[in-house]
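Single-structure report; data block below.
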Amino acid sequence: MVLREEGLRGDMARTTDRAIERWRESHPERRDDLLLVHETRIAKRQPRPMPPD
Numbered sequence: 009m010v011l012r013e014e015g016l017r018g019d020m021a022r023t024t025d026r027a028i029e030r031w032r033e034s035h036p037e038r039r040d041d042l043l044l045v046h047e048t049r050i051a052k053r054q055p056r057p058m059p060p061d
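In the working numbering, the protein residues as written are 9 to 61.
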């Protein structure tokens, strides 16, 4: 299964969490299933620059 979610470079944890939560909301019967992330890819082109801290 492939989950896609747009996010900012350097914000991989929150982007991954959003993708998993969106999947769980769309599959309520499998909400408690264990999900394992094998690979996370960052697009070369970013939708907007990452805000400075």
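From the three backbone atoms N, C-alpha and C, an ideal C-beta is built for every residue, glycine too.
Mark residue 18 as exposed unless 16 or more other C-beta atoms lie within 10 angstroms of its C-beta, in which case mark it buried.
As a working note, residue 18 is residue 10 in the sequence shown. That one is exposed.
Residue burial classification, residue 48 (beta-carbon count within 10 angstroms, cutoff 16):
The count along the sequence shown starts at 1 and reaches residue 48 at position 40. The residue in question, residue 48, is exposed, as its Cβ has fewer than 16 Cβ neighbours within 10 Å.
According to the Cβ coordinates, are residue 16 and residue 28 closer than 8 Å?
Against the sequence shown, residue 16 aligns to sequence position 8. Against the sequence shown, residue 28 aligns to sequence position 20. Cβ atoms of residue 16 and residue 28: not closer than 8 Å.
Near residue 30, which residues of its chain fall below 8 Å by C-beta distance, leaving aside the five closest residues on each side in sequence?
Reading the sequence shown from its first residue, position 22 is the one you call residue 30. The answer, listed in chain order, is 11 and 13.
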